[in-house]
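Position 21, counted from 1, in the sequence shown is what the UniProt record's numbering calls 21; the numbers after and before it change by one each time, with no gaps.
Written below as C-alpha cells is the structure these notes are about.
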Amino acid sequence: MSYYYKHNYSFSYHGMQRVKERLNMKDVEDFKVKDEVMRLIKLSNSQFETRYDLYISAGNSQLYFVINKESNLIVTCTKVSVEKQLELMGGW
C-alpha cells in the first residue's frame with residue numbers, strides 16, 4: 001500500500017469517535033482505525049440502504065457503518081436490530 005492511498009470513504013469527527021468507541025479502539029491512531037473500518041467494509045456481506053444513507057455491516061454483530069450516499073461520509077457506527085432495519089427500509 002502506498003503512503004498516498006486514499007480511502008473510499010471519509011469520516012466525520014462524530015463518525016470517527018463512534019467507530020473508536022464501538023470497536024473498542026479508543027487508544028488506536030486514526031489511520032489504523034480507518035484501515036480496520038475499510039477492512040471490515042470490504043469483508044462485509046450484509047448491507048441495506050435508505051433514501052440518503054447506506055448501512056454496511058461491521059461483521060457478525062449488529063453494528064453497522066452509516067454512510068451518507070451523496071458524500072461517501074461515514075456518519076456513525078451504530079447497532080441496528082432486525083426490527084430497526086425493517087423500519088428504516090420502509091417495511092413493517
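Cβ coordinates follow ideal geometry from the N, Cα and C atoms, glycine included.
All values reported here derive from a predicted model rather than from experimental measurement.
In DSSP terms, what residue i is bridged to
i	result
residue 65	56 and 77
residue 49	54
residue 101	Nothing in the structure corresponds to residue 101, since the chain is present only between 1 and 92.
Per-residue DSSP class, three states only, for residue i
i	result
residue 29	coil
residue 88	helix
residue 40	helix
residue 2	Since pLDDT at residue 2 reaches only 46, below the 50 mark, its modelled position is unreliable, and the value read off the structure follows with that caveat. Three-state DSSP puts residue 2 in coil, outside helix and strand.
residue 15	helix
Distance between beta carbons of residue j and residue i, contact taken as under 8 Å
i	j	result
residue 58	residue 52	Actually they are not in contact, since the Cβ atoms of residue 58 and residue 52 sit about 20 Å apart, beyond 8 Å.
residue 47	residue 54	6 Å
residue 11	residue 34	7 Å
residue 74	residue 15	4 Å
residue 18	residue 77	5 Å
Evaluate the contact criterion for the stretch 18-31 versus the stretch 83-90: three or more CB pairs, one atom per stretch, below 8 Å. At 8 Å Cβ cutoff, the stretches do not touch.
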